[in-house]
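Comments concern the structure below.
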Ligand code: FAD
Ligand code: UDP
């Protein structure tokens, strides 16, 4: 088969590789000037810099961990995030260290009691939005200092108007454990993420063209390939004819500093309303300070409203947008049966890297012509 993969991110690279191994001729087009999509990393001053924000690989799926380990040697990095609220430092995710700093409690029972008291304002109501979910999980003090303003900055809206699942991404633990994730496997690829994607695409029957936008020649591409795997925005594919899906964008401000150690941790979140960025990442700490002992590279992450032409980093999965997405899926089945939509943008889902690989492999195993989201 002659296949076109639109987008050289993790979803596109996984599909391209597996189909190439089966003998298909695969053309990959990518509008950016590099492969790897948002997981792209580049060497700056001997430090692997995550150009599109901090990326930590974590999964509980053994098959996915084995799969990605074919292409990379991972270190044993564990993400332990620091929150800075007006100069006060707290550990994330929400755990006994956070509760101790917030209230002086020592035991899990004391922390549970404090949270139960604060949760009482919900009066046993089932949490229906991010604010209620957060208060139900960790109480009002933590909500006010560590969640409310960070979330409003990140998503550009009141947490009352956001789905509850977003805050459930973060563990709540009654142990003194600062690991940001609950997964069995976690790490950073020592040679960077770009190297993973380069290795995946390194097949004789895969041809990659960078700096090439599908929409510059949409009809020609659709005519010339047996099947198209599209990992860009599904609403853009249909020229926004049913309406525009909402996304959230980001601006990254990266600086090289002439100091060895700027903030002592890879990720520091700024959870107050006045600081305009959400977090600063110091890239060298993902690989334990290796690479350069005179300089460091930091990136501030500023959330931004998205409008057409901006990079769509996050889908905004509230019910209106999810309903609109469902309509686009129906349109896709009817009007573009030879196109499979995949990845964070094609499926309009807040996917992590492991979920993207899993979705791609499932799609391939499911006979390859079916639904990419099953
Ligand atoms: P993408 O990486 O977006 O790739 C899609 C590609 O398609 C892009 O390269 C794009 O340029 C290209 N494209 C789009 N339209 C066109 C077109 N018209 N023509 C040609 N090319 C096109 N996941 C984790 O597991 N751990 C983390 O710590 C983590 N941190 C994250 C932090 C941030 C700030 C963000 C935004 C995401 C994070 N993720 C994390 C999620 C991770 O980035 C995604 O799961 C993954 O990159 C999605 O891969 P993808 O192939 O679906 O999409
Ligand atoms: N969050 C928060 N305070 C923090 C970190 C996260 O309120 O210090 C909330 C916020 O709503 C965010 C969500 O938790 O969107 C998920 O956080 P995560 O770190 O998983 O976000 P991502 O890395 O995907 O941007």
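Residue numbers (our numbering): 3 to 376.
All C-beta atoms in this analysis are idealised placements derived from N, C-alpha and C, irrespective of residue type, glycine included.
Within the same chain, 99, 100 and 180 come within 6 Å of residue 93 by CB-CB distance, once the 5 residues on both sides are set aside. Approximately 6 Å separates the beta-carbon atoms of residue 287 and residue 267; this is inside 8 Å, confirming the contact.
Relative to residue 241, the option among 177, 221, 258 and 192 whose CA is nearest is 221. Residue range 110 to 121 is occupied by the alpha helix (DSSP H) that includes residue 121. Look at which beta carbons fall closer than 6 Å to any heavy atom of the ligand UDP; those residues are 85, 94, 148, 149, 152, 153, 156, 168, 169, 171, 172, 271 and 273.
Every unbroken stretch of the beta strand (DSSP E) spanning 3 or more residues and falling wholly within the region 54 to 135 is given here in chain order: 59 to 61, 84 to 87 and 90 to 93. Remark: the shortest separation between the CB of residue 19 and any heavy atom of the ligand FAD does not fall under 6 Å. Non-local C-beta neighbours of residue 143 in its own chain, meaning closer than 6 Å and more than five positions away in sequence, comprise 104, ordered along the chain. The shortest CA-to-CA distance from residue 169 to any of 274, 11 and 319 is the one to 319. The beta carbons of residue 341 and residue 167 sit about 28 Å from each other, so the pair does not count as a contact at 8 Å. The beta-bridge partner set that DSSP reports for residue 304 consists of 253. Two segments are said to touch when three or more pairs of C-beta atoms, one from each, lie closer than 8 Å; by this definition the region 111 to 122 touches the region 133 to 143. Residue 46 sits away from residue 30, with the two beta carbons spaced by 7 Å or more. By the neighbour-count criterion, in which 16 or more other beta carbons inside 10 Å mark a residue as buried, residue 4 falls on the exposed side. With contacts defined as CB atoms closer than 7 Å, residue 198 and residue 77 fail to qualify as a contacting pair. Within a 10 Å sphere around the beta-carbon of residue 49 sit 16 or more other beta-carbons, which makes this residue buried. About 16 Å separates the CB atoms of residue 345 and residue 55; that is not less than 8 Å, and the two are not in contact. Comparing alpha-carbon positions, the option among 201, 33 and 321 lying closest to residue 219 turns out to be 33. Set against 6 Å, the gap from the CB of residue 33 to the closest heavy atom of the ligand FAD is smaller. In the DSSP assignment, residue 265 falls outside any beta strand (DSSP E) and carries neither an H nor an E. Secondary structure of residue 281 (DSSP, three-state): strand. For residue 46, the shortest separation between its Cβ and any heavy atom of the ligand FAD does not lie below 6 Å.
The region 65 to 72 and the region 298 to 312 do not touch, with fewer than 3 CB-CB distances between them shorter than 8 Å.
Contact between the region 233 to 253 and the region 323 to 334 is present: three or more C-beta pairs spanning the two stretches fall below 8 Å. Here residue 263 is exposed. Its C-beta has fewer than 16 other C-beta atoms within 10 Å.
For residue 187, there is no enclosing alpha helix (DSSP H); the residue is found in the beta strand (DSSP E) stretching over 187 to 189. Annotation for residue 13 indicates a beta carbon within 6 Å of some heavy atom of the ligand FAD. Closest option to residue 161, judged by alpha-carbon separation, among 325, 130 and 212: 130.
When the Cα atoms are used, residue 87 and residue 311 turn out to be separated by approximately 33 Å. A distance below 6 Å between beta-carbons, with the five flanking residues on each side excluded, links residue 362 to the following residues of its chain, in chain order: 13, 16 and 17. For residue 219, the secondary structure class from DSSP, reduced to helix, strand or coil, is coil. DSSP, read as helix, strand or coil, puts residue 247 in coil. Measuring C-alpha to C-alpha distances from residue 273 to each of 156, 314, 214 and 185 identifies 156 as the nearest. For residue 343, the secondary structure class from DSSP, reduced to helix, strand or coil, is strand. Where residue 198 is concerned, the enclosing alpha helix (DSSP H) starts and stops at 195 to 203.
At a threshold of 6 Å, residue 354 counts as near the ligand FAD, since its beta carbon sits closer than that to one of the ligand's heavy atoms.
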